[in-house]
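Okay, so here's the structure we're looking at.
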Amino acid sequence: MRVIHKLSALASPIIRGLDFLSPGLDLVIRVWVAKVFWDSGLTKIASWESTVALFTYEYHVPLLSPELAAFLGTAVELSMPVLLVLGLGTRFGAAVLFVFNIIAVISYPDLNEIGLKDHQYWGLLLLVPLLHGPGRLSIDHFLRRKFMGARTLF
């Protein structure tokens, strides 16, 4: 039993330190993955004619016209990252970008291995706020504590 107490005493400050760093990592993940999509959205609006041409000839989004697909894709890439960075409706924003990421892979058949790995990486990073939540450095956390106290949403 003494060994367990000693191990616990050794591990306790390490665990407290990791717990202290966890909200910062949650924020870094949210900001990093948001920037990827935000930058893509900015690229799309910088040259709208090229964007529509890409959606006409390269990207094959099912069920949508190229113009509508370009508009919706750009809207998603410019709105959902804001939610992620603020930590407001974080799980919703992460879910939308996760599905958007899958649609991007499906709609671009010429995606090379490196591009596919990027999308897999972004999808994995989006799973963190989607499944884990936004963390303490978020508006969601503030609102939850203000209106629900110590209780959680689920």
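The sequence shown begins at 1 in UniProt numbering and counts up one residue at a time. We put the beta carbon where it would ideally sit given N, CA and C, even for glycine.
(request) Tell me where the alpha helix (DSSP H) around residue 41 begins and ends. (result) Run containing residue 41: 2 to 46, per the alpha helix (DSSP H) assignment.
(message) Whole angstroms are fine: how far does the CA of residue 128 sit from the CA of residue 28?
(response) So the alpha carbons of these two residues sit roughly 11 Å apart.
(request) Taking residue 77 as the reference, give the member of 103, 145 and 134 with the closest Cα. (result) Nearest C-alpha to residue 77: 103.
(message) Am I right that residue 84 and residue 30 are in contact with their C-beta atoms under 8 Å? What's the rounded C-beta distance?
(response) Beta-carbon to beta-carbon, residue 84 and residue 30 are separated by about 5 Å, close enough to satisfy the 8 Å threshold.
(request) Throw me the rounded Cβ distance for the residue 87 and residue 22 pair, which I believe falls under 8 Å. (result) About 14 Å; that fails the 8 Å criterion.
(message) Between the alpha carbons of residue 40 and residue 131, how many angstroms are there, rounded?
(response) Roughly 24 Å separates the two Cα atoms.
(request) Could you tell me which of 38, 95 and 107 sits nearest to residue 63, measuring between CA atoms? (result) Nearest to residue 63 by C-alpha distance, out of 38, 95 and 107, is 107.
(request) Mark residue 97 as exposed unless 16 or more other C-beta atoms lie within 10 angstroms of its C-beta, in which case mark it buried. (result) Within a 10 Å sphere around the beta-carbon of residue 97 sit 16 or more other beta-carbons, which makes this residue buried.
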